[in-house]
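Residue numbers (our numbering), protein chains in the order written: chain F, 706 to 1464; chain R, 706 to 1464. Just so it is clear, CB atoms sit at the ideal spot from N, CA and C, and this is done for glycine as well. Structure first, then comments.
Protein chains: 2
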Amino acid sequence: MNGGGPKKLVDLLEDPLPGVGTYEDFNTIDWVREKSKDRDRHREITNKSRQSTVALLRSLSDAFSGWLLMLLVGLMAGALAGGIDIAAHWLTDLKGGVCLIGFWFNHEHCCWTSNETTFQERDRCPQWQSWAELIVGNSEVGAFAYIVNYLMYIFWALLFAFLAVILVRAFAPYACGSGIPEIKTILSGFIIRGYLGKWTLITKTITLVLAVSSGLSLGKEGPLVHVACCCANILCHLFTKYRKNEAKRREVLSAAAAVGVSVAFGAPIGGVLFSLEEVSYYFPLKTLWRSFFAALVAAFTLRSINPFGNSRLVLFYVEFHAPWHLIELAPFILLGIFGGLWGALFIRANIAWCRRRKTTRLGHYPVIEVLVVAALTALIAYPNSYTRMSGSELISELFNDCSLLDSSQLCGYKQPVNVSETGVGNSLADRPAGEGLYTALWQLALALIFKMLITVITFGMKVPSGLFIPSMAVGAIAGRLLGVGMEQLAYYNHDWLIFRGWCSPGADCITPGLYAMVGAAACLGGVTRMTVSLVVIMFELTGGLEYIVPLMAATMTSKWVADAFGREGIYEAHIRLNGYPFLEAKEEFEHSSLAVDVMRPRRGDPALAVLTQDSMTVEEVETVVDSTHYSGFPVVVSQESQRLVGFVLRRDLLISIDNARKRQDGVVSTSQVVFTEHAPTQPPEAPPPLRLRGIMDLSPFTVTDHTPMDITVDIFRKLGLRQCLVTHNGRLLGIITKKDILKHMAQIANRDPDSILFN
Amino acid sequence: MNGGGPKKLVDLLEDPLPGVGTYEDFNTIDWVREKSKDRDRHREITNKSRQSTVALLRSLSDAFSGWLLMLLVGLMAGALAGGIDIAAHWLTDLKGGVCLIGFWFNHEHCCWTSNETTFQERDRCPQWQSWAELIVGNSEVGAFAYIVNYLMYIFWALLFAFLAVILVRAFAPYACGSGIPEIKTILSGFIIRGYLGKWTLITKTITLVLAVSSGLSLGKEGPLVHVACCCANILCHLFTKYRKNEAKRREVLSAAAAVGVSVAFGAPIGGVLFSLEEVSYYFPLKTLWRSFFAALVAAFTLRSINPFGNSRLVLFYVEFHAPWHLIELAPFILLGIFGGLWGALFIRANIAWCRRRKTTRLGHYPVIEVLVVAALTALIAYPNSYTRMSGSELISELFNDCSLLDSSQLCGYKQPVNVSETGVGNSLADRPAGEGLYTALWQLALALIFKMLITVITFGMKVPSGLFIPSMAVGAIAGRLLGVGMEQLAYYNHDWLIFRGWCSPGADCITPGLYAMVGAAACLGGVTRMTVSLVVIMFELTGGLEYIVPLMAATMTSKWVADAFGREGIYEAHIRLNGYPFLEAKEEFEHSSLAVDVMRPRRGDPALAVLTQDSMTVEEVETVVDSTHYSGFPVVVSQESQRLVGFVLRRDLLISIDNARKRQDGVVSTSQVVFTEHAPTQPPEAPPPLRLRGIMDLSPFTVTDHTPMDITVDIFRKLGLRQCLVTHNGRLLGIITKKDILKHMAQIANRDPDSILFN
């Protein structure tokens, strides 16, 4: 008989202790356990719903809470994205001048509100004054005014950059960077507390505006994904279902990633595919549908805010009319090769630079670094109109097709001398390049070199920084250059064999804007290794299936070329740089090792630390726990048989023992720890046993020692395991954790296995 | 010492016997083993590629063979789809008349080739003669001619239907139906030999044309998926990589399903999502990209064949101009409810009818059944012009927006009496319905009832039959009716509160064509339970993000309403009807049972049939195998310890023993069967042992008896297992197969567990 009386044995299964079943920071969750917990919860609600109307209503509200949450995420992310767009637009214009009728108007808006609508050029109105006009006076135009504007531009750029980096440092260090590598890791099951919290959200939103406005070579697309995920994470707290379950919350975060891309580009379908292809780890089909819903809500919220003032959903709206010709695939593939090479080069250079920042004294002065880069960027960017304008404006202009009335330098073609000469006088026909275009080409070439260099050192600084826009800008410039080159080649040599038949004089055969778009896709593809989602995003921008083939040819080439230099995209490279425990789902495990080669303990190591099911005292258990740093312990029948019973987590064990010692009468160091269903008979004078079956995982995953590692890795990935026990002929032999696998993979790839920092 | 001398022990690991590692018909493959086999193969090629240039080239060609295969699948499926379209178009027109300048021209083509292009109506030209004109003479127009045409229509319909059913019966019984339920099952790992073979392909292609042309209420979209999968399966035989590996081949088949939908609707992105959402089981991201490529190739192949003669990629090209208003969401949701109700009703009715066909004498006369239904269809369909035309023509017409010059009855509006009365005289403004429209509405209402009834008995007959077009037709009719109703309501009551502000007189505020499209999506969604892919397909048809919200509202409502009556879509229902072993990936396992409740042997049953690793003779093994019908046997250390060593498949065991008895000297019934690495020492006079470690799976999957079934089901689904062993404290306790799980699920749902036919 064990001590009866008033003592009540705490049944842990029924009413878990606070803390049991939760995770520590920088740890990996157990997907199987979380999903099982959710199914239990769901089952309970379903069973109860048959009993009363209130419970039925609760069950219904539970079923619809997912949709409600998606709606809220869409609305909030869409609204925030709209606000960011408007604020960034205003601050960017503020670098150049100010609106006299109200400093809070941006350039375009200022001229809208102006009553004088007679002038042709809408971007010139008396209400908008450049800093030189304001400071020196209206009449002064010349070198001095230029210098004043130049200095004011640098001043504002430095101010914005300084504010951005200071705010990030002061309030939320997690707000820096693009956030996508961390979100990928979080979605794969890692826990980084505060990474998606409210301070990060507020700081990231504000500093993103500042960073974009400072003119640094960065975009807002990646950070928007982070912002959307923060929104989702915060809104999850409103619903118990998502607050308490790490796996369910990650479903919502997957959808939020789709929302982020949807508002960044106005491409809801592309956003969903981006989340599916690039970011998500666990993506059940239910999530697909909900992501799509959230992405649509966000896109339409953004459109009703109308930050671009053109009622367009998409960031770069383009409409091409000319079809492309099969021969053009050659230059498109060339652009793909360029994109792939640039992607591979950029990743290497950027990672090398970031590693230098991590390991040398450079990393100690983030504020100075940002200020120096911002000053450098502003200094070099101002004189060249293509680098002075913001990245998205630049891309917009490069994507655009020239119409006859276009005043842009890029459309500085010579007017046909005689309209009748070219037949019907097709206004869009190919024309010879004029002076303006040649100047534009030179400036673009310089801008290309500048963008390529500055982006390498910008991405990874301690300000919010996205990579989509700079990558696309590089590609768009290269594409436009090639496009104009092709156009001129065709114009002057339309009798060449390759142009004959489709490029007759006076016809519009080559669209340089399309080349810019293909180039942008190729470069973005080279850097991020996105494929389908990239093509679909681009498809949503143009709205025509016609241009899918060029886009696909370029992104496919780009991916192949880039993969030849290294299979990692920029996000995976940053994940590895930071040592996050991320098990890439896309790459196959190629090596032929077996589970026995990877498991701990290795040959010669001391035996695995195990607990027995009913023959250890509290003290003995505590000794085992204290003398090791493992996060969990297998429970076996006895030390001799090594037959596996279950698995218990260190954290749960410590909390339970601690709680029992405090709350449960009679539990002392000599009390027996019992994992079996029925406590063994003990002498009557013995202290009551501590029953811990409730915290033990009765269904630990096991593989045999002969299991090939490729299968084991597959199991880890697909089921989202944290650890797996290894048996041989039914006896427990060792344990494999996610970290062991990652270390093993690092070893195979000749990398430092200790670069994997977390479990 | 075991018998040495010239006897060579066959090392099965190095050079597997023919047959070992293959599967029998109507069995489930082991995904883990197949994928592992492929990784081994890949590893070998990669290792060899470092040795010589030839091997390097082989490795490269191996890497690109997947893309080449995709290209071929896309080309072949696109070409076949084009051929089917052209042939079906011609045969459908042949029911009405014949072209005098060449009987192989269809109606439209016949009038194109005609020189007289003066007449306004392109579909009336002297070269095309109806059967009455041909038989009775040109002058005769009246009741007699009508009857002649009517009879000829019925004659051709019966002839085509008869040919279709006879050909299916004679050459390929698998060619009947839509094929999607079977393809879903095959993709989940089931083997149905010949289902995707060349005879099925040829027969299905021909009979599909005949069935569609016969005027039966069926479409060609589902069967096109089957055709594309047949193409893929046949082309797989060209590449060893895909021929020999069931898992790799299923990757290609997943892509082929995308190709099928891509050519059916001209919607490549929608096709890929359809494959992902609806059909596929195992869909790695690599497949996503390749599917997309194949779908695009197929779509462009189809476009270059240009079967519709309009250079359009999509089947129903629509271009709406009027925006929709928020209030219109109410009728759209109404359409969703209609779609959901119809979907649920259709599934019940169709399944009940198909079950009756399976169980009663009705099933013995498939030819008569088809003929009766075809006669009935033709008899009723001919008098009503909306049922006389083919399903896709009908949908096209219903989707279309009316322009002023439209001669269609559906556009029989009254012309505005005085153009100046309505202001600018907006040609597209809402108008009052005229006589023609009222007639059309009556005919449509009758067509709706007819289509709803006839589709229930048509789907499932022994001819190729798709469900997409009939479902969409039902929805489009309902939508158009509601749309015209709304339009007239708004026209006559534009001062009502709900119409005020956006429906002023003379404005074009309601687009009945849009209602038809939304209705079509709702009904298709209710029947198939597609969600994202359906919206994306519709998005690709219209090309505008504008209409996604109405489509989504309708499909979402439709799915919810239909799910309330039963969670199965039509394909899942047919899978269950046929007893295929399909483990639905979308539905959660809700019950709280444990592995021990599902495993065999049950409590009270005789113990599990096991083999021991080194203490059984060939005869004893054969006795165990013969006395049971299990498809595999666990191997344990000894009967007493029940510690698990591995798992061996019945088929492999039989082939190996048979082979050893024939080929290997000295192996007799008393030879010991040895599964260990080193044969135990035996008395010198003993016959040589039969070593079978090579055929044993050294890494069988195990779960503990306490594992909740929801986790077990998850493991089965995600890893694609065929069986899993159950242990308790390290001892083998039982086995769970896929069939056991499906039976258990059937039991929970109060269905007959013996309806699961295959393993």
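Any beta carbon of chain R sitting closer than 8 Å to that of residue i?
| i | result |
| --- | --- |
| R1272 of chain F | no |
| L717 of chain F | In this prediction, L717 of chain F scores a pLDDT of 40, lower than 50, which makes its location untrustworthy; the coordinate-derived value is nonetheless stated afterwards. Cβ-Cβ to chain R under 8 Å: no for L717 of chain F. |
| R1368 of chain F | no |
| F1005 of chain F | yes |
| T1317 of chain F | no |
| G920 of chain F | no |
| T1163 of chain F | no |
| N1434 of chain F | yes |
| K946 of chain F | no |
| L1438 of chain F | no |
| P1458 of chain F | no |
Going by beta carbon distance, what residues of the same chain come within less than 6 Å of residue i, once the five residues before and after it are set aside?
| i | result |
| --- | --- |
| E1488 of chain R | Outside the modelled stretch of chain R, which goes from 706 to 1464, sits residue 1488 of chain R, for which no answer is possible. |
| W904 of chain F | F876, A877 |
| V1129 of chain F | At V1129 of chain F, the pLDDT of 41 sits below 50, so the modelled position is not reliable and the matter cannot be decided from this model. |
| L901 of chain R | C934, C935, N938 |
| F1164 of chain F | N1055, S1170, L1172 |
| L978 of chain F | V1237, S1238, V1241 |
If you check the beta carbons only, do residue i and residue j fall under 8 Å apart?
| i | j | result |
| --- | --- | --- |
| V1237 of chain R | L993 of chain F | yes |
| T912 of chain R | A869 of chain R | yes |
| S770 of chain F | F988 of chain F | no |
| A1080 of chain F | I859 of chain F | yes |
| K889 of chain F | I1275 of chain F | no |
| A1003 of chain R | G783 of chain R | yes |
| I1441 of chain F | A1300 of chain F | yes |
Mind checking if residue i is an interface residue toward chain F, Cβ cutoff 8 Å exclusive?
| i | result |
| --- | --- |
| N950 of chain R | no |
| K1291 of chain R | yes |
| G965 of chain R | no |
| H1411 of chain R | yes |
| M1257 of chain R | yes |
| V1350 of chain R | yes |
| E1345 of chain R | no |
| L773 of chain R | no |
Should residue i be listed as close to the ligand MN, given that the test is whether its C-beta is under 7 Å from any heavy atom?
| i | result |
| --- | --- |
| V1161 of chain F | Of ligands this structure carries none, so the ligand MN is not represented either. |
According to DSSP, is residue i helix, strand or coil?
| i | result |
| --- | --- |
| N1131 of chain R | With a pLDDT of 46 at N1131 of chain R, under the threshold of 50, the modelled position of this residue cannot be trusted; read the value that follows with caution. In this structure, N1131 of chain R counts as coil in the three-state DSSP scheme. |
| D1357 of chain F | helix |
| W1029 of chain R | coil |
| Y987 of chain R | coil |
| G1435 of chain R | coil |
| W833 of chain F | strand |
| P1036 of chain R | helix |
| D1402 of chain F | strand |
| I1215 of chain R | coil |
| P1071 of chain R | helix |
Grab me the residues of residue i's own chain with a C-beta within less than 7 Å of its C-beta, minus the 5 sequence neighbours each way, in chain order.
| i | result |
| --- | --- |
| K740 of chain R | A952 |
Practice prompt. Jot down the residue ranges of each uninterrupted alpha helix (DSSP H) in the stretch 1134-1202 of chain F, minimum 4 residues, whole runs only, in chain order.
Written response: Listed in chain order, the complete alpha helix (DSSP H) runs (minimum 4 residues) inside the stretch 1134-1202 of chain F are 1140-1163, 1173-1197.
Worksheet entry | Entirely enclosed alpha helix (DSSP H) segments - the stretch 922-958 of chain R, minimum 4 residues | Unbroken alpha helix (DSSP H) stretches of 4 residues or longer found wholly inside the stretch 922-958 of chain R: 926-941, 945-948, given in chain order.
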